Amino acid sequence: MRRGLAPIEGRVIAAVQQPRCRCRPISINPPIARLRRRLVGQTVAAVQRCGKRLILALASGESLVFEPRMTGLVLLAAPPDEEHLRLRLDLAGQPPLALLFWDRRGLGTVRLFAAGELPHWLSERLGPDALNISWQALSDRLGRSRRAVKVALLDQRALAGVGNLYASEALFLAGLDPRAPCSSLAPKHWRRLVSALRRVLREAIRHEGSTLADGTYRNALNQTGTYQNHHRVYNRAGLPCRRCGSSIERLVQAQRSTYFCPRCQQPV
DNA sequence: CATATGTCCTGAGAGC
DNA sequence: TGCTCTCAGGACATAT
Numbered sequence: 214m215r216r217g218l219a220p221i222e223g224r225v226i227a228a229v230q231q232p233r234c235r236c237r238p239i240s241i242n243p244p245i246a247r248l249r250r251r252l253v254g255q256t257v258a259a260v261q262r263c264g265k266r267l268i269l270a271l272a273s274g275e276s277l278v279f280e281p282r283m284t285g286l287v288l289l290a291a292p293p294d295e296e297h298l299r300l301r302l303d304l305a306g307q308p309p310l311a312l313l314f315w316d317r318r319g320l321g322t323v324r325l326f327a328a329g330e331l332p333h334w335l336s337e338r339l340g341p342d343a344l345n346i347s348w349q350a351l352s353d354r355l356g357r358s359r360r361a362v363k364v365a366l367l368d369q370r371a372l373a374g375v376g377n378l379y380a381s382e383a384l385f386l387a388g389l390d391p392r393a394p395c396s397s398l399a400p401k402h403w404r405r406l407v408s409a410l411r412r413v414l415r416e417a418i419r420h421e422g423s424t425l426a427d428g429t430y431r432n433a434l435n436q437t438g439t440y441q442n443h444h445r446v447y448n449r450a451g452l453p454c455r456r457c458g459s460s461i462e463r464l465v466q467a468q469r470s471t472y473f474c475p476r477c478q479q480p481v
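Taken in order, the first sequence gives residues 214 to 481; the numbers are from the working numbering.
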């Protein structure tokens, strides 16, 4: 998503609109009138990412943070429908560009931070990014937890950027049982896990993400991803493991689906 | 303090 | 066909 938004770097925000939609409005802070006053005329200095958040760093030092959550999209192209369009930033210059925040389910948020406020806000919520963290750091943060490793991977304060789908995929690649308590993992397991996380996230990014049957993920140009065709376990309950042929199993941990291969992912 | 649960939301799909 | 029910999961508030 971030990569697809690179074309807006250097652009000036010309207009800010909150399209009227029949559904309940999403959380926008500050409310639209004040947001518009603070954004119009500002230059987008850079498009950044922190964990699952997308950040427009403005030349003033302010930051506009998008949290797409499950169904939110940040687009430079026509959205899947007009009904769930939540915010529109028109950008001056050629070619004409508009950044759209579209969110079918409406759990996403948009928030503006004054200069200097964002680092503190993020540091309260996010651990190191999954693409940067060392295995030692991950082990230090989670190694004494009694939580199941799959559940712990979803804790953004411990490790930022891993959601339900990629947690299952990484644990498969690492050969770890998702139910294993973090405290049962040895250094070699943390090493394998961090390596697997990096591999899964890089692969997924290369394939433009996972567009599930009931999911809505699209890249910034509203194109579907293809990583769902490469999933090793997610959404594959009852199908044969691509590595050993065993039937992939589904279980529920912390109210979320976990998929795993009972043969390739042994208890530690 | 660490961990667990409830809540929000909409649309897809199942079952009848 | 149309209704009701369940489920999807990210972040955060509240409970244990």
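Just so it is clear, CB atoms sit at the ideal spot from N, CA and C, and this is done for glycine as well.
As the structure is a computational prediction, the values presented were derived from the model and not from experiment.
Looking at the DSSP output, glycine 285 bridges to Asp316.
Approximately 10 Å separates the beta-carbon atoms of valine 229 and arginine 247; this is outside 8 Å, ruling out the contact.
Considered as a whole, the segment 309–396 harbours 310–316 and 322–326 as its complete beta strand (DSSP E) runs of no fewer than 3 residues, in chain order.
Taking 3 residues as the shortest admissible run, the segment 446–472 contains the following complete beta strand (DSSP E) segments, listed from N- to C-terminal end: 462–466. By the criterion of at least three beta-carbon pairs nearer than 8 Å, the segment 349–357 is not in contact with the segment 426–436.
Separation of leucine 313 and aspartate 294 (C-alpha to C-alpha, rounded to the nearest whole angstrom) is 11 Å. Assigned with DSSP and collapsed to three states, glutamate 280 falls in strand. Within the same chain, Gly340 come within 6 Å of arginine 370 by CB-CB distance, once the 5 residues on both sides are set aside. Here the alpha carbons of leucine 384 and glycine 451 stand approximately 18 Å from one another. Distances from the CA of cysteine 477 to each of Ala467, Arg445 and Ala327 were compared; the closest alpha carbon is that of Arg445. CA-to-CA, the gap between proline 391 and proline 480 works out to about 8 Å. Sorting Trp315, Pro453, His443 and Val253 by C-alpha distance to the C-alpha of isoleucine 239 places Trp315 at the top. With a cutoff of 8 Å on beta-carbon distance, leucine 351 and valine 407 are scored as near each other.
Secondary structure note for alanine 227: its beta strand (DSSP E) is the uninterrupted segment 226–230. Short of 7 Å from the beta carbon of methionine 214, and not among the five residues preceding or following it, lie these beta carbons of its own chain, in chain order: Leu267, Val287, Asn432 and Ala433. Taking 8 Å as the cut-off, the Cβ atoms of asparagine 435 and alanine 290 count as close. Taking 8 Å as the cut-off, the beta carbon of proline 281 is found closer than this to the beta carbon of glycine 321. According to the DSSP secondary-structure assignment, leucine 410 is paired through a beta bridge with no residue. Relative to the Cα of alanine 328, the nearest Cα in the group Arg411, Arg251 and Ala409 belongs to Arg251.
Residue pairing of asparagine 242 in beta bridges, as defined by DSSP: Arg324.
For a cut-off of 8 Å, the C-beta gap from valine 278 to glutamine 255 is around 14 Å, too long to register as a contact.
Short of 7 Å from the beta carbon of glycine 422, and not among the five residues preceding or following it, lie these beta carbons of its own chain, in chain order: Tyr430, Asn432, Gly438 and Tyr440.
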